[in-house]
Amino acid sequence: MNRCPGAFELPVVARALAVAGYDAVVALGVVVRGGTPHFEYVCGAATDGLLRVSLDTGVPVGFGVLTCDNEQQALDRSGLPGSHEDKGREACEAALATAVLLRGITGPSRA
Numbered sequence: 002m003n004r005c006p007g008a009f010e011l012p013v014v015a016r017a018l019a020v021a022g023y024d025a026v027v028a029l030g031v032v033v034r035g036g037t038p039h040f041e042y043v044c045g046a047a048t049d050g051l052l053r054v055s056l057d058t059g060v061p062v063g064f065g066v067l068t069c070d071n072e073q074q075a076l077d078r079s080g081l082p083g084s085h086e087d088k089g090r091e092a093c094e095a096a097l098a099t100a101v102l103l104r105g106i107t108g109p110s111r112a
C-alpha cells in the first residue's frame, strides 16, 4: 500500500505503480463536497487522470474514490461495520477481475 497526499495526486502515483509492473492498481480515497467548485475540479481531475493511466498503460486501475456530499455518505460506502456498501472492496474486485481478463487476452504480465 502506498499513501499519497490527496485525490488530485492519485493519478501520478497510480501511473508510477502501473509502469513499475503491477498487474493492477487500486486508487482509494474520499472527496467530500464543500461550499466551492473545488470539489468538481478535484473529482474530475482524479477520475479523468486515473482513467488515462489505465488506458495509457494497459493496467487496470480500480476506482475506489468516494465522491460524497457529506461525511455520512462516505461512512455509508466505506465498508466499515454497519455501512451499507464497500466501494473499496468493489474497486479491488473490479481491478483484479479486469487483470485476469486481460491476462487471458494478452498473456502473462511483463513483470
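My numbering applies: residue 2 is where the sequence shown begins, and numbers increase by one.
For glycine and all other residues, C-beta sits at the position ideal for the given N, C-alpha and C.
As the structure is a computational prediction, the values presented were derived from the model and not from experiment.
**OP:** Mark Thr37 as exposed unless 16 or more other C-beta atoms lie within 10 angstroms of its C-beta, in which case mark it buried.
**Re:** exposed
**OP:** For my contact list, Ala92 and Leu29 are in at a C-beta cut-off of 8 angstroms; report their separation, rounded to the angstrom.
**Re:** 7 angstroms
Original post:
Can you name the residues that DSSP bridges to Asp87?
Top reply: Ser79
Subject >> Nearest-angstrom Cβ-Cβ length linking Asp70 and Arg34, presumed shorter than 8 angstroms >> reply: 5 angstroms
Subject >> Where the alpha helix (DSSP H) containing Cys44 begins and where it ends >> reply: 39-58
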